[in-house]
C-alpha cells in the first residue's frame with residue numbers, strides 16, 4: 033500500500049518551486065534514494081533520475097540556481113547528484129556539484145566558523161542549515177576523497193550544537209544569532225525562544241546521518257550528546273505515538289501532532305537504534321506513524337496530513353516571524369507536502385534496511 037502511494041506521489045510530483053533547484057525537492061530525492069537502496073527496485077531510481085534530470089542540463093547547470101545567493105538550503109539536493117553519479121557514472125551529475133561546492137567554498141561563516149544560514153540571514157546558525165549542508169557535503173567528501181571537508185563538517189556540527197543547546201530543556205534552539213541583532217533572539221544567549229519540532233527533526237536526521245557515514249570512532253565526541261537528545265525527544269512523544277508542533281508544550285492552545293517532524297523523529301530513532309545511539313527505540317514506529325498521519329483521500333488514493341507548510345524566523349512574506357510558540361502553531365497545515373512525505377519515505381526505507 034505505501035509503496036503504491038510513494039510511486040503515485042513521485043509520478044505526479046511537480047517541482048516545488050516551478051523547477052528551480054531547492055531543498056524541498058531534495059527531500060523527495062532522498063526518500064527515493066533510500067527506497068532504492070533498501071529494495072533495489074528500478075522504479076525508485078527511475079523516478080529519481082527523471083525528476084533530477086528536469087533540473088540538470090547536459091552541461092551540468094542547475095535550473096534557477098545562483099551560488100551568489102549563499103542560501104545553505106540550496107545545497108541539500110546535491111546529495112542526489114552524488115548518488116546518481118555513483119549509480120550511472122554520468123559526468124554531468126558530477127559537473128552539477130561544482131557550483132554547489134563553489135558556493136560552499138565561499139559561503140560566509142560566523143566568527144565561530146559555521147555557515148550563515150543565508151546571505152539574507154547573516155550571523156545565524158539554524159538547525160535546518162546543519163542538516164542541509166552536511167547532507168550534501170558529507171557524501172560528496174566521502175565519495176571524492178575530501179577528508180578536509182569531513183573534518184570541517186564535524187567542527188561545524190560541534191559548534192552548532194554548543195551554540196544552539198538549551199540546557200534547561202535538553203533541546204536545541206531553532207536558531208542562534210551570533211550578532212544578537214535579531215528581535216527574535218534572547219539578548220543574552222542569542223537563541224530563538226521556542227522548540228519547533230521540525231527544527232529538532234532536522235537536527236535528529238543530521239546527527240544519525242553523520243554518525244552512519246563517518247563511523248563510530250569519528251562520531252564518538254557526539255555520541256553522548258546524541259543519545260541524551262534522543263532520550264529527551266522520546267520523553268516528549270505523545271500517548272498515541274506522535275510529536276507536537278511545539279515540542280515541549282502540550283498545554284499550548286492550538287498545538288497539534290505534526291506529521292513531518294513525527295516522520296523525521298521516527299526515521300532518526302530507527303537509525304539511531306541500529307547505530308547504538310538510542311537504547312530504547314519504541315516498537316512499531318513506522319506502523320504508528322502511518323496509522324496517525326496517512327489517510328484515504330477524497331477521490332481515491334492516500335495522503336499524508338497535518339504537515340506544517342512552512343515556518344521560519346525573521347521577515348518573510350511581508351510579516352515578521354518572532355519564533356514564539358504561538359507563531360509556530362499559527363502557521364498553515366497542509367496535506368501531501370514533500371517535507372512530510374519525503375521523511376516518511378526515508379522512515380519506511382530505513383525500517384526495511
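Numbering (our numbering), first residue to last: 33 to 385. The beta-carbon is built from N, C-alpha and C at its ideal position, and this holds for glycine as well.
{"query": "Of the choices 51, 154, 69, whose alpha-carbon is the least far from that of residue 109?", "result": "51"}
{"query": "Does DSSP put residue 75 in a helix, in a strand, or in coil?", "result": "helix"}
{"query": "Would you call the stretch 335 to 354 and the stretch 213 to 229 in contact, with 3 or more CB pairs under 8 Å?", "result": "yes"}
{"query": "Under three-state DSSP, which class holds residue 150?", "result": "strand"}
{"query": "Looking only at its chain, what residues have a beta carbon closer than 6 Å to the beta carbon of residue 114, apart from the 5 residues adjacent to it on each side?", "result": "171, 172, 175"}
{"query": "Enumerate, from N- to C-terminal direction, the unbroken alpha helix (DSSP H) stretches of 4 or more residues contained entirely within the stretch 51 to 105.", "result": "55 to 71, 74 to 85"}
{"query": "Indicate whether residue 162 and residue 189 have their beta-carbon atoms separated by less than 8 Å.", "result": "yes"}
{"query": "I'd like the span of the beta strand (DSSP E) that includes residue 348, first residue to last.", "result": "346 to 348"}
{"query": "With a floor of 3 residues, list each beta strand (DSSP E) that falls wholly inside the stretch 254 to 331, ordered by position along the chain.", "result": "326 to 328"}
{"query": "Where residue 111 and residue 57 are concerned, what is the direct C-alpha to C-alpha distance, given to the nearest angstrom?", "result": "11 Å"}
{"query": "Closest by CA to residue 371, which one among 312, 78, 337, 292?", "result": "292"}
{"query": "For residue 133 and residue 311, I'd like the C-alpha separation in whole angstroms.", "result": "37 Å"}
{"query": "Return the CA-CA distance between residue 238 and residue 384, expressed in angstroms with no decimal places.", "result": "20 Å"}
{"query": "Considering residue 218, what are the terminal residues of the beta strand (DSSP E) in which it resides?", "result": "First-last for residue 218: undefined, no H or E at that position."}
{"query": "Would residue 334 and residue 328 qualify as a contact pair, given that the criterion is a beta-carbon distance under 8 Å?", "result": "yes"}
{"query": "In chain order, what are the residue ranges of uninterrupted alpha helix (DSSP H) at least 4 long that sit wholly in the stretch 130 to 178?", "result": "159 to 175"}
{"query": "Which partner residues of residue 207 appear in the DSSP bridge assignment?", "result": "158"}
{"query": "What are the start and end residues of the beta strand (DSSP E) that includes residue 336?", "result": "334 to 336"}
{"query": "Near residue 325, which residues of its chain fall below 6 Å by C-beta distance, leaving aside the five closest residues on each side in sequence?", "result": "291, 336"}
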